[in-house]
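Enquirer: Next up is a structure, given as structure tokens.
Residue numbers (my numbering): 6 to 275.
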């Protein structure tokens, strides 16, 4: 009678890089089982791939997100919009549709703009390529942004956008008369980070802005750039952008070496 096959762990040849796995979620130092990978790592890879696909295709739970945002202390009103992409398939195949508002949403924002004046910073939360990222990271990030809000800065409504690309914030910000817009959007999921959020800051948003005119904070999540630090960096960029009257390649993130000491007011002295 043949002997029982060894357990997966007993048949694995260790990898000399295995100790480095304590410092990164990257798939390194996995070892091998014969000529292949250990079974548990193959299964984990398949599960991570499924999570990444789900992150791209699952819809954003807008009512739950809107309720959570509205419950934050001191939160502005919440508005909901949609891009010109009518469904997820169109969004993925036609990126240009995700950069412009649907006609009904454009009309709704025009009506909303008539009810309030300009704002210094507008926050737009878009599903992007990972609805899970927005559902998990947007509320704690907005909570930190509200807690760290500099004196005198006026926040616009919190806008939730379906089927959104980064550039959708340009049209939203232009319609709502925002000095700056920060688009908090789900990033393309990786095999170890299906819920990573990006924040894209644009000064004087208007239709036609290029990506070179934006600043980006990436990998916002507890395992990457945590919410409190992301909020601190975003406010540093916003205040610096106000002073320089620009975002993008002309504004570098030096928040760690040049903290803002006073001068937090959004408008220069008269």
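Note that beta-carbon positions come from the ideal geometry of N, C-alpha and C, so glycine has one too.
Report the option in 78, 83, 79, 61 whose CA atom is closest to the CA atom of residue 68.
Expert: Within the chain shown, residue 68 is the residue found at index 63, counting from 1. With distances taken between Cα atoms, residue 68 lies closest to 83.
Enquirer: Would you kindly report the start and end of the unbroken alpha helix (DSSP H) that includes residue 232?
Expert: Position 227 of the chain shown, counted from the first residue, corresponds to residue 232. That run of the alpha helix (DSSP H) goes 232-249.
Enquirer: I'd like to know if the region 102-119 and the region 147-156 are in contact, where contact means that at least 3 CB-CB pairs between them fall below 8 Å.
Expert: no
Enquirer: Where residue 165 and residue 51 are concerned, what is the direct C-alpha to C-alpha distance, given to the nearest angstrom?
Expert: The count along the chain shown starts at 1 and reaches residue 165 at position 160. The count along the chain shown starts at 1 and reaches residue 51 at position 46. In a straight line, the C-alpha of residue 165 is about 32 Å away from that of residue 51.
Enquirer: Let's test the definition: count the other Cβ atoms within 10 Å of the Cβ of residue 129 and tell me whether it reaches 16, buried, or not, exposed.
Expert: Within the chain shown, residue 129 is the residue found at index 124, counting from 1. The residue in question, residue 129, is buried, as its Cβ has 16 or more Cβ neighbours within 10 Å.
Enquirer: Can you grab the Cα-Cα spacing for the pair residue 87 / residue 191, in whole Å?
Expert: Indexing the chain shown from 1 puts residue 87 at position 82. Indexing the chain shown from 1 puts residue 191 at position 186. Taking the straight line from one Cα to the other gives about 15 Å.
Enquirer: Identify every run of the beta strand (DSSP E) within the region 55-104, keeping only runs that are complete inside it and at least 3 residues long; order them along the chain.
Expert: 83-87
Enquirer: With a cut-off of 8 Å, do at least 3 Cβ pairs link the region 166-176 to the region 227-234?
Expert: no
Enquirer: Just how far apart, CA to CA, sit residue 119 and residue 157?
Expert: By one-based count along the chain shown, residue 119 stands at place 114. By one-based count along the chain shown, residue 157 stands at place 152. If I take the Cα positions, the gap works out to 22 Å.
Enquirer: Which partner residues does residue 18 have in the DSSP bridge list?
Expert: Along the chain shown, one-based indexing puts residue 18 at 13. Answer by DSSP bridge pairing, in chain order: 37.
Enquirer: Checking 8 Å against the spacing of the C-beta atoms, do residue 36 and residue 30 come in under that value?
Expert: Within the chain shown, numbered from 1, the residue matching residue 36 stands at position 31. Within the chain shown, numbered from 1, the residue matching residue 30 stands at position 25. Contact annotation: residue 36 and residue 30 have beta-carbon atoms that are not nearer than 8 Å.
Enquirer: Leaving out five residues on either side along the sequence, give the residues of the same chain with a beta carbon under 6 Å from the beta carbon of residue 38.
Expert: As a first step, residue 38 is located in the chain shown; it is residue number 33 there, counting from the start. Cβ within range, chain order: 16, 17.
Enquirer: Could you tell me whether the Cβ atoms of residue 206 and residue 140 are closer together than 8 Å?
Expert: Numbered from 1 along the chain shown, position 201 holds the residue referred to as residue 206. Numbered from 1 along the chain shown, position 135 holds the residue referred to as residue 140. No; because the gap between Cβ atoms is not below 8 Å, this pair is not in contact.
Enquirer: Sort out for me which residues DSSP pairs residue 186 with in a bridge.
Expert: Looking up residue 186 in the chain shown gives position 181. In DSSP, residue 186 forms a bridge with 127, 207.
Enquirer: Which class does residue 227 belong to by DSSP, given the choice of helix, strand or coil?
Expert: In the chain shown, counting from the first residue as 1, residue 227 sits at position 222. Reduced to three states, the DSSP call for residue 227 is coil.
Enquirer: DSSP three-state label for residue 219, please.
Expert: The residue given as residue 219 occupies position 214 in the chain shown. In the structure shown, the three-state DSSP call for residue 219 is strand.
Enquirer: Report all residues from its chain with a CB closer than 6 Å to the CB of residue 138; omit the five preceding and five following residues, and keep chain order.
Expert: Position 133 of the chain shown, counted from the start, is the residue given in the question as residue 138. Excluding residues within five positions, the ones whose Cβ falls inside 6 Å are 191, 200, 201, 202.
Enquirer: For residue 7, I'd like the list of residues in its chain whose CB is within less than 8 Å of its CB, leaving aside the five on either flank, ordered along the chain.
Expert: Residue mapping note: residue 7 aligns to position 2 of the chain shown, counting from 1. Residue placement at residue 7 cannot be trusted, given a pLDDT of 48 that sits under 50; what the coordinates show is reported in the next sentence. There are no such residues.
Enquirer: Tell me which residue opens and which closes the beta strand (DSSP E) that residue 180 is part of.
Expert: As a working mapping, residue 180 is identified with position 175 in the chain shown. Run containing residue 180: none in the beta strand (DSSP E); it sits in the alpha helix (DSSP H), 173-180.
Enquirer: So, for residue 145: in the same chain, excluding its five sequence neighbours on each side, which residues have a beta-carbon less than 6 Å away from its beta-carbon?
Expert: To locate residue 145, count along the chain shown from 1; it is residue 140. Excluding five sequence positions before and after residue 145, the CB atoms of its chain that fall closer than 6 Å to its own CB belong to 232, given in chain order.
Enquirer: Identify whether residue 137 lies in helix, strand or coil by the three-state DSSP scheme.
Expert: As a working mapping, residue 137 is identified with position 132 in the chain shown. Residue 137: helix per DSSP, three-state reduction.
Enquirer: In angstroms with no decimal places, state the Cα-to-Cα distance between residue 21 and residue 48.
Expert: Against the chain shown, residue 21 aligns to sequence position 16. Against the chain shown, residue 48 aligns to sequence position 43. Going by the C-alpha atoms only, they are around 22 Å apart.
Enquirer: For the beta strand (DSSP E) containing residue 116, name the first residue and the last one.
Expert: Within the chain shown, numbered from 1, the residue matching residue 116 stands at position 111. No beta strand (DSSP E) contains residue 116, which is instead part of the alpha helix (DSSP H) from 108-118.
Enquirer: What's the C-alpha gap between residue 178 and residue 185?
Expert: Counting from 1 along the chain shown, the entry for residue 178 is found at position 173. Counting from 1 along the chain shown, the entry for residue 185 is found at position 180. So the alpha carbons of these two residues sit roughly 7 Å apart.
Enquirer: In the DSSP output, which residue or residues are listed as bridge partners for residue 164?
Expert: On the chain shown, position 159 is the one that residue 164 refers to. Beta-bridge pairing links residue 164 to 84, 129.
Enquirer: Can you grab the Cα-Cα spacing for the pair residue 210 / residue 23, in whole Å?
Expert: Indexing the chain shown from 1 puts residue 210 at position 205. Indexing the chain shown from 1 puts residue 23 at position 18. Roughly 47 Å separates the two Cα atoms.
Enquirer: With a 10 Å radius around its C-beta and 16 neighbouring C-beta atoms as the bar for buried, classify residue 204 as buried or exposed.
Expert: In the chain shown, the residue the question calls residue 204 occupies position 199. It is buried - the Cβ of residue 204 has at least 16 other Cβ atoms within 10 Å.
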